[in-house]
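2 protein chains.
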Amino acid sequence: MELLKNLISYHDAKNIVFNNLDKLINSKYKTISVLNSLNKISFEDIKAPTDLPMFNKSAMDGYAIIAEDTFGASENNPIILNLVEGDEISSEECIKVCTGMPIPKGANAVVMKEYCNEEDNFLEVRWSSYPNENISRIGEDIKKGETILKKGETINPYHIALLLSLGIKDIKVMDLKIGLISTGDELIDIEDLKDIQQLKNQHKIVNSNTPMLSALINETGLTPNIYKLVKDNEEEIKNILLNALNENDIIFTTGGTSVGDRDYTIKVINDLCSMELHGVQIRPGKPFGFAKYKTNEGEEKLIFILSGYPVAGAVQFELFFRNYFKPRKYLYLPLNRNIASTLGRTDILRLKFVETNNNNKKSAVEPLKITGSGVLSSIAKADCYTIIGENIEGYEKGEVIKVYIL
Amino acid sequence: MELLKNLISYHDAKNIVFNNLDKLINSKYKTISVLNSLNKISFEDIKAPTDLPMFNKSAMDGYAIIAEDTFGASENNPIILNLVEGDEISSEECIKVCTGMPIPKGANAVVMKEYCNEEDNFLEVRWSSYPNENISRIGEDIKKGETILKKGETINPYHIALLLSLGIKDIKVMDLKIGLISTGDELIDIEDLKDIQQLKNQHKIVNSNTPMLSALINETGLTPNIYKLVKDNEEEIKNILLNALNENDIIFTTGGTSVGDRDYTIKVINDLCSMELHGVQIRPGKPFGFAKYKTNEGEEKLIFILSGYPVAGAVQFELFFRNYFKPRKYLYLPLNRNIASTLGRTDILRLKFVETNNNNKKSAVEPLKITGSGVLSSIAKADCYTIIGENIEGYEKGEVIKVYIL
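Chains D and X, in that order, are what the protein sequence lines are. Using our numbering, you'd call the opening residue of the first sequence number 205 and step up by one each time. Using our numbering, you'd call the opening residue of the second sequence number 205 and step up by one each time.
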């Protein structure tokens, strides 16, 4: 493949990557305890194996009654019921219940104890109950068979509570082995840095890509294997790449992705693998590459070739990986500035939420200062981003655009 | 304090809790490696100790030139420069540079190698450069002294990259010891559950509160200590509570928070501690309690007394804890339904994002089915929530409301 010569559209690039991910993840799961499943991606649809509650139960501390017995009761006109024990009541009887207890047979409501006076074997009730009042009914929270978690969904704290409530102990979650490789003679790992002056004197840059990507992958509910920083040396890159391909399902490389004299990463990948694409009409993030590698056993591995520029790399990660596994929620909001874009190129623009305050507050979005792909500080402050299609020359102030919430 | 008799407003409750948190967290931090700081809460303002880039550097692979030398150059009208080596150029000279390399003295632009032909000691340039083209200038990404992270902010992957780029290895983050105690005879831990029928036969409920709260606390960037499930037994509750107070800064209890016969938790806390509030005019979440405990050494510990109902407990956690440490982003969006509320009470309503599609797409919010505080499935599906103040009777369709993004 001729590198960076045939730039393809964002749409086509996304299709190539996502189709390959579809194939890869087919059998990549592990079963873990629900207790450890926070932020993981479910690998199965889960349907409720039972109604919840499983029986009618009291939602309050009070007395199980027959609602009709209390009709007309009030502060000034209390009625008297017989207080009994057991698990069944008849007309004009009641049984004391605590929150969560099953409703005795015959009863159809619970009157809160605040509205009652208990005396010996009698109960004075100063409240007119209605049928089902203060009863959590079978299936009220979840109906048997209802889907409570879909394959591909990220598991949140409420899902954990739901799954456990239904007696579900274990869950299949996405399990991908992901290797991270950063290359570049100009890079230095933070552990090896003595002081800031070292950066200036030796013209070095701290390797921020590996830790950033590691954090981004963690946020996606997956865990990366981090390989040691590689110099711009073809042999060294080849060895570490082959090793990483052997140990992982997916590799991310950063740096050496252009076609400069020192861009060995792309050269090595091009030699070893089938390059599926190199160069996408997006900004930032143009020199994105994507390749496939077939092991001797016929297993396919995927390689995401990211820019060494952190913002470009972050955008490439967002568009081609994060959005597959954990798509962002989006909204349509008005712009409070004009923005320009270039025909034939998809622009990814970071924005923040702002309030317009004429008579009533309304939300709008405002672009963060648009600058080079190195400008990390802007991405750290963004609330959302928008993807400006290749056929769009820009938007005018007031136009409503689709934004993805970060 | 008379329990659940003097319900206070959401506003007052929040002030009491947040003021106490302000005092407590004063000295609660630890220093950790930036590499491990994802999702933690920064305990310090961090200002950039240096400009970034620290020196003018090339943003491209190409040739460092004097822009003025190339004025008028084009595909049909190339100009010729002398290709030299070293770290300085004069008029009509150029030096080859790779991305990230320092700009030689005298040069003021980099022309991309795509627009050049290198021949022996000469360079043919087919591009008219402008000053500073393809140069990342000192301080372009970050200016020395600029605040890059504020105390209280949650550290995201981009912050990690920024901090490391600036040579910052360690960071002070919030460090609170948090104990979780759940009580209730009706509860069973998931580990002890044999099968679902056991729940029905023994009228048991799986303890979902502890794992849910544990996950919520993890999402807040803190780590809980989980205590074993406690029966409704006053002595047992007292022992475990005293033990937990000794080992933690903050305790969360769930269950036993009302004033029923089995509500020993609140009784024990009321005996041992100074009860700051019990009962808030909110729905769901009314029986929220908050107490202070003073150790023999004079240290103050805080106790958050949450409902046993998972949704009520989740809302109480959100309003009185999560919002302190990690406030949600909010937006003003129109409602696509009428909603009713009750005067004198603050309602917390879960909503989802919807699209209205007349001529142009717009975003609106729609309430999820409003049901009892036990209905966890609704909270798991919510995109956002709104807080309906105690003076508001409801909203009409089309009104713009403030929503907090989940």
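Just so it is clear, CB atoms sit at the ideal spot from N, CA and C, and this is done for glycine as well.
Step through the CB atoms of chain X and report whether any lies within less than 8 Å of the CB of F508(D). For F508(D), the answer is no, since every Cβ of chain X falls outside 8 Å of its Cβ.
Between which residues of its own chain and K573(X) is the CB-CB distance below 7 Å, once the five residues before and five after are set aside? Answer for K573(X): S582, listed in chain order.
For a cutoff of 8 Å on Cβ pairs, would you count H482(X) as touching chain D? Under the 8 Å criterion on CB atoms, H482(X) is classed as non-interfacial with respect to chain D.
Looking at the C-beta of G576(X), does it have a partner C-beta in chain D at a distance below 8 Å? Because G576(X) carries a pLDDT of 49, less than 50, the predicted location of this residue cannot be relied on, and no value is offered for it.
Using 8 Å as the threshold, is the segment 319-332 of chain X in touch with the segment 281-295 of chain X, meaning 3 or more CB pairs across them? As far as the Cβ criterion goes, the segment 319-332 of chain X touches the segment 281-295 of chain X, which means the pair count is three or higher.
Note down the Cα distance separating D255(D) from E344(D), rounded to an integer number of angstroms. Near 8 Å, if we compare the C-alpha coordinates of E344(D) and D255(D).
8 Å CB neighbourhood of E451(X) in its chain, flanking five on each side removed: Excluding residues within five positions, the ones whose Cβ falls inside 8 Å are K381, G383 and N429.
My assumption, with CB atoms under 8 Å, is that A495(D) sits in contact with I486(D). Please give the rounded CB distance. Contact between A495(D) and I486(D) does not hold, since their C-beta atoms are separated by about 18 Å, which reaches or exceeds 8 Å.
Confirm, please, whether the CB-CB distance from L555(D) to F519(D) is below 8 Å. Checking the displayed sequence, the identity of residue 519(D) turns out to be Val instead of Phe. Note that the C-beta distance between V519(D) and L555(D) is not below 8 Å.
In chain order, what residues of the same chain have a beta carbon less than 7 Å from the beta carbon of K565(X), not counting five sequence neighbours either side? Non-local beta-carbon contacts of K565(X) in its own chain, meaning distances under 7 Å to residues more than five positions away in sequence, involve E559 in chain order.
Reduced DSSP secondary structure (H/G/I, E/B, other) of A586(X): It is coil, neither helix nor strand.
Touching or not, the segment 238-245 of chain D and the segment 370-379 of chain D, by the rule of three or more beta carbon pairs under 8 Å? Counting C-beta pairs with one atom in each stretch, the segment 238-245 of chain D and the segment 370-379 of chain D have three or more that are closer than 8 Å, which means they touch.
Taking only beta carbons into account, state which residues of the segment 367-380 of chain D come closer than 9 Å to chain X, listed in chain order. The segment 367-380 of chain D vs chain X, Cβ under 9 Å: L367, L368, S369, L370, G371, I372 and K373.
For K227(D), which residues of its own chain have a beta-carbon under 8 Å away from its beta-carbon, when the five flanking residues on both sides are left out? Answer for K227(D): E504, listed in chain order.
Reference N224(D); option with closest CA among Y497(D), K251(D), C320(D) and N336(D): Taking only the C-alpha atoms, the option nearest N224(D) is Y497(D).
State yes or no: is the C-beta of K251(X) within less than 8 Å of the C-beta of G349(X)? In this structure, K251(X) places its C-beta atom within 8 Å of the C-beta atom of G349(X).
Using the Cα positions of K533(X) and F222(X), report the straight-line distance between them to the nearest angstrom. Looking at the two C-alpha atoms, the distance is approximately 18 Å.
T254(X) CB to nearest chain D CB: under 8 Å? So, interface residue.
Please report whether the beta-carbon of Y536(D) lies at a distance below 8 Å from any beta-carbon of chain X. Chain X, which has a Cβ nearer than 8 Å to the Cβ of Y536(D), makes this yes.
What residues match up with V569(D) in a beta bridge as DSSP calls it? Residue pairing by DSSP places V569(D) opposite L539(D) and F557(D) in a beta bridge.
Does the CB of L397(D) have a neighbour CB from chain X at under 8 Å? In terms of beta-carbon proximity, L397(D) lines the interface with chain X, with at least one pair separated by less than 8 Å.
Rounded straight-line distance, which links the Cα of P531(X) to that of V515(D): Those two C-alpha atoms are separated by around 26 Å.
Does DSSP put N447(X) in a helix, a strand or coil? Helix.
C-beta contact flag for P415(X) and I364(D) at 8 Å: Contact flag set, yes.
With DSSP as the reference, identify every bridge partner of D374(D), one or two as the case may be. In the DSSP output, where bridge partners are listed per residue, D374(D) has S237(D).
Given a limit of 9 Å on CB to CB distance, which residues of the segment 537-559 of chain X reach chain D? Hits within the stretch, in order: L537, P538, F557 and E559.
Going by beta carbon distance, what residues of the same chain come within less than 8 Å of S213(X), once the five residues before and after it are set aside? The residues V484, Q485, T550 and E594, in chain order, have a CB closer than 8 Å to that of S213(X) in the same chain once the five nearest residues on each side in sequence are set aside.
Mark H185(X) as exposed unless 16 or more other C-beta atoms lie within 10 angstroms of its C-beta, in which case mark it buried. Nothing about residue 185(X) can be reported from this structure: the residues present for chain X run from 205 to 610 only.
So, is the C-beta of F326(D) closer than 8 Å to a C-beta in chain X? It does not: the Cβ of F326(D) has no partner Cβ on chain X nearer than 8 Å.
Test item: CB-CB of I392(D) and V410(D) under 8 Å: In this structure, I392(D) places its C-beta atom within 8 Å of the C-beta atom of V410(D).
Distance between N336(X) and G576(D) (C-alpha atoms, nearest Å): Because G576(D) sits at a pLDDT of 49, beneath the cut-off of 50, its placement in the model cannot be relied upon, and the point is left open.
Looking at I552(X): is its Cβ nearer than 8 Å to the Cβ of Y513(X)? Against a cut-off of 8 Å, the Cβ pair of Y513(X) and I552(X) comes out as no contact.
If the cut-off is 8 Å on Cβ atoms, which residues from the segment 510-526 of chain X count as contacting chain D, listed in chain order? If the cut-off is 8 Å between Cβ atoms, the segment 510-526 of chain X has G512, P514 and A518 near chain D.
In the DSSP assignment, the alpha helix (DSSP H) including S369(D) goes from what residue to what residue? Per DSSP, S369(D) is one residue of the alpha helix (DSSP H) stretching across P361 to S369.
Only counting the same chain, and skipping five residues up and downstream in sequence, which positions put a Cβ closer than 6 Å to that of K354(X)? Within the same chain, K354(X) has close Cβ partners D249.
Report all residues from its chain with a CB closer than 6 Å to the CB of I375(X); omit the five preceding and five following residues, and keep chain order. In its chain, beyond the 5 residues on either side, V238 and S241 have a beta carbon closer than 6 Å to the beta carbon of I375(X).
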